[in-house]
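With my numbering, the residue at position 14 of the sequence shown is 27, and numbering never jumps. Worksheet for the structure shown next.
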Amino acid sequence: VLRSRLEQVDKEIDEVKLRLASEGEALEGAKAAWRACKYQTVLVLQALVERIDGRLGEFAAFGEARTKEADEILRKMDALLAQLREICDAFVAADVRLLKELREGFLQALTDADGAIKMHYLC
């Protein structure tokens, strides 16, 4: 009876080992997918930063033709870019807490920039 029970325990241990190995492989696959997703997201965010930065350069090139409203747009777009850069940094660091905090600031900066642009073109 004891021998039978030891064999059963050995089988259960082997099953647990197999299950753990399988879950470990699944976890490694999920980690790899997360790294790939994180990399792609950072590339997209960096491209967005570069594109906005380029547009700001074009907008700023008007020089003397800039108005108070245009300066306000530039200031708010700069704030938006700063928020995007912080989000990129936090994403690279995988700092979820910081990402949640930055999300609110980014949304506010985006709203401010959008409002300034609309006011500039409506006036």
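Glycine included, C-beta positions come from ideal geometry on N, C-alpha and C. Being a predicted model, the structure only gives us computed values, none of them experimental.
On a Cα-Cα basis, can you pick out the residue from the options that is closest to residue i?
i: lysine 89; options: Ala122, Leu31, Asp66 and Glu28; result: Ala122
i: isoleucine 86; options: Ala46, Asp125 and Gln21; result: Asp125
i: glycine 118; options: Asp102, Ala92 and Arg48; result: Ala92
i: isoleucine 100; options: Leu69, Leu61, Ala129 and Ile26; result: Leu61
i: aspartate 127; options: Ser17, Leu33, Glu82 and Gly37; result: Glu82
i: threonine 80; options: Arg32, Ala129 and Ala49; result: Ala129
Write down the C-beta distance between residue i and residue j rounded to the nearest angstrom, noting that I regard them as a contact closer than 8 Å.
i: leucine 40; j: isoleucine 65; result: Between isoleucine 65 and leucine 40 the Cβ distance is about 37 Å, and since that is not below 8 Å, they are no contact.
i: alanine 103; j: leucine 115; result: 6 Å
i: leucine 58; j: leucine 97; result: 6 Å
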